[in-house]
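Residue numbers (UniProt numbering), protein chains in the order written: chain A, 1 to 442; chain B, 1 to 442.
There are 2 protein chains.
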Amino acid sequence: MTPKNPQHMVLTTFMLPAGYHKDSWRMDGSRSEELANLEFVYDLTKMAEDAKLDAIFFGDIVHANTVMRGDIKMNGFYEPISVLSALAARTKNIGLIGTVSTSFSEPYNLARQMAGLDHMSGGRAGWNIVTSSDGFQNFGMDSAPDPVTRYRRATEFVEVANKLWDSWEDDAVTNDKESAWYVDTDKIHPINHDGEFFKVQGPINMPRSPQGRPVLVQAGSSGPGMELGSSVADGIYTAQPLKEPSVEFYEKFKAMAAAKGRNPNDVKIIPGILPILGDTQAEADELVEELANHIHLENGRVQVGADLKMDLSSLDFNEKIPAEWFSDDPALGSRYQIYRRKSVDQGMTLRELIVDLARSTGHQWMAGTATAVADRMIDWFDSKACDGFNLNAPFNPGGFKLICDKLVPELQNRGYFRTEYEGTTLRDNFGLSYPSSIRSRV
Amino acid sequence: MTPKNPQHMVLTTFMLPAGYHKDSWRMDGSRSEELANLEFVYDLTKMAEDAKLDAIFFGDIVHANTVMRGDIKMNGFYEPISVLSALAARTKNIGLIGTVSTSFSEPYNLARQMAGLDHMSGGRAGWNIVTSSDGFQNFGMDSAPDPVTRYRRATEFVEVANKLWDSWEDDAVTNDKESAWYVDTDKIHPINHDGEFFKVQGPINMPRSPQGRPVLVQAGSSGPGMELGSSVADGIYTAQPLKEPSVEFYEKFKAMAAAKGRNPNDVKIIPGILPILGDTQAEADELVEELANHIHLENGRVQVGADLKMDLSSLDFNEKIPAEWFSDDPALGSRYQIYRRKSVDQGMTLRELIVDLARSTGHQWMAGTATAVADRMIDWFDSKACDGFNLNAPFNPGGFKLICDKLVPELQNRGYFRTEYEGTTLRDNFGLSYPSSIRSRV
Numbered sequence: 001m002t003p004k005n006p007q008h009m010v011l012t013t014f015m016l017p018a019g020y021h022k023d024s025w026r027m028d029g030s031r032s033e034e035l036a037n038l039e040f041v042y043d044l045t046k047m048a049e050d051a052k053l054d055a056i057f058f059g060d061i062v063h064a065n066t067v068m069r070g071d072i073k074m075n076g077f078y079e080p081i082s083v084l085s086a087l088a089a090r091t092k093n094i095g096l097i098g099t100v101s102t103s104f105s106e107p108y109n110l111a112r113q114m115a116g117l118d119h120m121s122g123g124r125a126g127w128n129i130v131t132s133s134d135g136f137q138n139f140g141m142d143s144a145p146d147p148v149t150r151y152r153r154a155t156e157f158v159e160v161a162n163k164l165w166d167s168w169e170d171d172a173v174t175n176d177k178e179s180a181w182y183v184d185t186d187k188i189h190p191i192n193h194d195g196e197f198f199k200v201q202g203p204i205n206m207p208r209s210p211q212g213r214p215v216l217v218q219a220g221s222s223g224p225g226m227e228l229g230s231s232v233a234d235g236i237y238t239a240q241p242l243k244e245p246s247v248e249f250y251e252k253f254k255a256m257a258a259a260k261g262r263n264p265n266d267v268k269i270i271p272g273i274l275p276i277l278g279d280t281q282a283e284a285d286e287l288v289e290e291l292a293n294h295i296h297l298e299n300g301r302v303q304v305g306a307d308l309k310m311d312l313s314s315l316d317f318n319e320k321i322p323a324e325w326f327s328d329d330p331a332l333g334s335r336y337q338i339y340r341r342k343s344v345d346q347g348m349t350l351r352e353l354i355v356d357l358a359r360s361t362g363h364q365w366m367a368g369t370a371t372a373v374a375d376r377m378i379d380w381f382d383s384k385a386c387d388g389f390n391l392n393a394p395f396n397p398g399g400f401k402l403i404c405d406k407l408v409p410e411l412q413n414r415g416y417f418r419t420e421y422e423g424t425t426l427r428d429n430f431g432l433s434y435p436s437s438i439r440s441r442v
Numbered sequence: 001m002t003p004k005n006p007q008h009m010v011l012t013t014f015m016l017p018a019g020y021h022k023d024s025w026r027m028d029g030s031r032s033e034e035l036a037n038l039e040f041v042y043d044l045t046k047m048a049e050d051a052k053l054d055a056i057f058f059g060d061i062v063h064a065n066t067v068m069r070g071d072i073k074m075n076g077f078y079e080p081i082s083v084l085s086a087l088a089a090r091t092k093n094i095g096l097i098g099t100v101s102t103s104f105s106e107p108y109n110l111a112r113q114m115a116g117l118d119h120m121s122g123g124r125a126g127w128n129i130v131t132s133s134d135g136f137q138n139f140g141m142d143s144a145p146d147p148v149t150r151y152r153r154a155t156e157f158v159e160v161a162n163k164l165w166d167s168w169e170d171d172a173v174t175n176d177k178e179s180a181w182y183v184d185t186d187k188i189h190p191i192n193h194d195g196e197f198f199k200v201q202g203p204i205n206m207p208r209s210p211q212g213r214p215v216l217v218q219a220g221s222s223g224p225g226m227e228l229g230s231s232v233a234d235g236i237y238t239a240q241p242l243k244e245p246s247v248e249f250y251e252k253f254k255a256m257a258a259a260k261g262r263n264p265n266d267v268k269i270i271p272g273i274l275p276i277l278g279d280t281q282a283e284a285d286e287l288v289e290e291l292a293n294h295i296h297l298e299n300g301r302v303q304v305g306a307d308l309k310m311d312l313s314s315l316d317f318n319e320k321i322p323a324e325w326f327s328d329d330p331a332l333g334s335r336y337q338i339y340r341r342k343s344v345d346q347g348m349t350l351r352e353l354i355v356d357l358a359r360s361t362g363h364q365w366m367a368g369t370a371t372a373v374a375d376r377m378i379d380w381f382d383s384k385a386c387d388g389f390n391l392n393a394p395f396n397p398g399g400f401k402l403i404c405d406k407l408v409p410e411l412q413n414r415g416y417f418r419t420e421y422e423g424t425t426l427r428d429n430f431g432l433s434y435p436s437s438i439r440s441r442v
């Protein structure tokens, strides 16, 4: 492999076949009849790989609440382990990042499935660590444990998984036909973990995978989330609509990682961006309007009410959110906390709030030409507001095609993105060092 | 699709890339250096699909105990959900059956992963339900719960999974761009399961998969195993070394299913067979010897001792198993129970016991020409000793190639096996009816 050029961004894409923008599946050409089929998501993945993106990234939810209130964007139709394994079989270079919650799984199962994905993909597996705030009713619980408890479990879960991935030394497999021993058992170690949430003897039952461990990413911008992320994550997904706060977040996060003895370059900060692209600014602006017009406002009212935990049933769409409705709610994710405040501070009407949230859910968005969007991305990158971006396609497959055909080549032409893959693993793509017990790569 | 010819056997293959016969990976051409890689297992799967087999079948273990005592046959290097999903992406017709234990997973996770596999494969997923007797130390427990408790959990687990797979009606997805409703929420139902082991609100978060439910197979020949299998399974794997007991097992099982109101044809009885093939009987017999010579006897001693729960450390390889060592041990699986008795009854030496167990672990085996082995298989099938066979390749890839190139064509020529797939799903291959809430197929 050749080392990653430090001038190159990390670029991943959030894989939502129904389109990131709410109700964009209503557009002509959306292929919405194919949701849950492999061919559609394969075609999107192939586009991403042809564009030399670092990775595709699947979120996950473990309940049907959203689809039951008319939102199929984050639908869970694709279960990450199974769909990423299928995609591994038909791709060569692109990273395969999937979300799996630490609240509903056992570390031994997760460690095996991720290591299996890493083996079969030749080292392209990534795990997005989440603790989940919904779905507990499908796993024997009446409600979510408090965030601190969830993150304590997550922290121990990751610790166990890392121990399992490290439990076979790199050269434990000897394949020695003469002695009849396939492995050197002195190089395979039980982990004997006995903690607050998990008791796991180990070792794992497969050889160490090509990346040693899958790439770990994490998305919590709360206190416990940042603590976990700065300790263990190789990449951080974050919603940063504005540059200056993103620079502050970036600095803070890198300092936290450094304080833990880590190389700050080994933690990539990857905010989301939703580019709405046109050949002219006017064309892009028209697309913004067209997308907004697809939003089903009544469903949007229910959805925004659920997301922000506000009762919006009595408001007219043209009424402003009453200022007295604002209050801090510690149960809300930080992104929705910000939204709740913003809707009151900016005097948004209900319709404006619905459209704003439906468009990019708190992530940065921009309508413009590929040149203009690239300008903004390069400015963020050069200002150390980020190490790259998670590209949210506003609609599929058309919106993603614009990103791959217009925006990525613009970044390549200006020297901010690769034109060929550096190597064959996700670690190579991200420019990460290998975990210590892995042989160094040349 | 065309309906399955009732004169045709069900033929699946147990996918053990290291070879079913212990230590056969030591043979030339074994590709043992590729264990855990996708290409090797894909090549075997492609051979199986080209031979028109109904399905490949992955066992699973959730611990490293076997590999640590020198046995990589049942190694767990391939985690079933991930490897089957990868294989789904590169195959068209062959069924994809994977083992997942009900003792270590949550039904919501299993239901989603299996439904995901079923969607992506176009309806080829199968789940082999096991309760596991080892591996509990990797999941917070010091030892295995008693079999009755494990099967009680398994029974409830399957009940919950079935409810989840049935929770979306066939036509719940409307994809109605006009109304902006992707689903008809009146056709998606919470399950509100509240039982002894599981509390699951549901519904599942993806559309009903092509098969409605994955094909369910089961392998327990114990009392609780047969009870569960006859209630819910579409296929039964069983170790039946002799024809008459297999006829009795077949009759008993079909009667149990019928007594539960099921169509006995919807439960396929599939004993294992390990064919060691030669162009002449002498050539096959030589192969038996060659395979036996690869067995590492000291490892075999440890392994047989562990499997049969007997202390064999003091015996010489040429000594007979002392008759006074026999006793019933209810903690042993039925197959090992039989072995323990047989070793004493037949006055086997330790070496003979090791070789016998290493060859086929209690399953029927036969060395001979393709014609002779086909004769035996046809006799069993015509005698209603089985509905088909699970083919155990003694070594890979060569031993499996002999099965595909010699044995399967012999069965085809004699009208006992398909020459083209009947349809595109595993249910089609097995000739099963569809679960009631699925639209009938033409």
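Ideal Cβ positions, reconstructed from N, Cα and C, are used throughout, including at glycine.
Which chain A residues sit within Cβ distance under 9 Å of residue i?
{"i": "Y78 of chain B", "result": "G116, H119, M120 and M206"}
{"i": "N75 of chain B", "result": "Y182, N205 and M206"}
Across which residues does DSSP place residue i in a beta bridge pair?
{"i": "M366 of chain A", "result": "A:P275"}
{"i": "N37 of chain A", "result": "None; N37 of chain A has no bridge partner."}
{"i": "Y237 of chain B", "result": "B:I270"}
{"i": "V217 of chain A", "result": "A:N128 and A:G235"}
{"i": "K199 of chain B", "result": "B:D194"}
{"i": "W168 of chain A", "result": "A:I188"}
Since residue i meets chain A, which of its residues come closer than 8 Å, beta carbon to beta carbon?
{"i": "M377 of chain B", "result": "Within 8 Å Cβ-Cβ: nothing; M377 of chain B doesn't reach chain A, min ~32 Å."}
{"i": "R31 of chain B", "result": "None at all; the shortest Cβ gap to chain A is about 10 Å."}
Kindly list, in the order they appear in chain B, the residues whose Cβ is closer than 7 Å to that of residue i.
{"i": "R112 of chain A", "result": "E79"}
{"i": "Q211 of chain A", "result": "Those do not exist, as Q211 of chain A stays about 13 Å from chain B at its closest Cβ, beyond 7 Å."}
{"i": "N109 of chain A", "result": "F104 and S105"}
{"i": "Q346 of chain A", "result": "Residues of chain B passing the Cβ test: none, with the nearest at roughly 26 Å."}
{"i": "A36 of chain A", "result": "H119, M206 and P207"}
For residue i, does the three-state DSSP call read helix, strand or coil?
{"i": "I94 of chain B", "result": "coil"}
{"i": "N396 of chain A", "result": "coil"}
{"i": "Q7 of chain B", "result": "coil"}
{"i": "S85 of chain B", "result": "helix"}
{"i": "residue 449 of chain B", "result": "Because chain B is modelled from 1 through 442, residue 449 of chain B falls outside the range shown and cannot be assessed."}
{"i": "N318 of chain B", "result": "coil"}
{"i": "S101 of chain B", "result": "strand"}
{"i": "L391 of chain A", "result": "strand"}
Residues of chain A with a CB under 7 Å from the CB of residue i: which are they?
{"i": "V183 of chain B", "result": "V67"}
{"i": "D23 of chain B", "result": "A180"}
{"i": "R26 of chain B", "result": "K177 and A180"}
Exposed or buried, residue i, counting other C-beta atoms within 10 Å across all chains shown (16 or more means buried)?
{"i": "V442 of chain B", "result": "For V442 of chain B, the predicted model reports a pLDDT of 35, less than 50, meaning its position is unreliable and no value from the coordinates is stated."}
{"i": "N429 of chain B", "result": "buried"}
{"i": "E422 of chain B", "result": "buried"}
{"i": "P3 of chain B", "result": "exposed"}
{"i": "S343 of chain B", "result": "buried"}
{"i": "residue 452 of chain A", "result": "A question about residue 452 of chain A goes unanswered here, because the residues of chain A that appear run from 1 up to 442."}
{"i": "M114 of chain B", "result": "buried"}
{"i": "G272 of chain B", "result": "buried"}
Which chain B residues sit within Cβ distance under 8 Å of residue i?
{"i": "H189 of chain A", "result": "Residues of chain B passing the Cβ test: none, with the nearest at roughly 10 Å."}
{"i": "G202 of chain A", "result": "A64 and N138"}
Using a Cβ cut-off of 9 Å, pull out every chain B residue sitting near residue i, in sequence order please.
{"i": "F317 of chain A", "result": "Simply none; closest approach about 15 Å."}
{"i": "I72 of chain A", "result": "Y182 and V183"}
{"i": "A88 of chain A", "result": "L38, S82, S85, A86 and A89"}
Please list the residues of the stretch 38–64 of chain B that have a C-beta atom closer than 8 Å to any C-beta atom in chain A, keeping them in chain order. L38, Y42, I61, V62, H63 and A64
* Quick one, which residues of the stretch 125–138 of chain B are near chain A if we go by CB-CB under 7 Å, in chain order? -> The stretch 125–138 of chain B vs chain A, Cβ under 7 Å: Q137 and N138.
*With 7 Å as the limit, tell me which residues of the stretch 154–183 of chain B have their beta carbon closer than that to any beta carbon of chain A; keep them in chain order.*
N175, K177, A180, W181, Y182 and V183
* Asked: What residues in the stretch 285–307 of chain B have a beta carbon less than 7 Å from any beta carbon of chain A?
  -> H296 and N299
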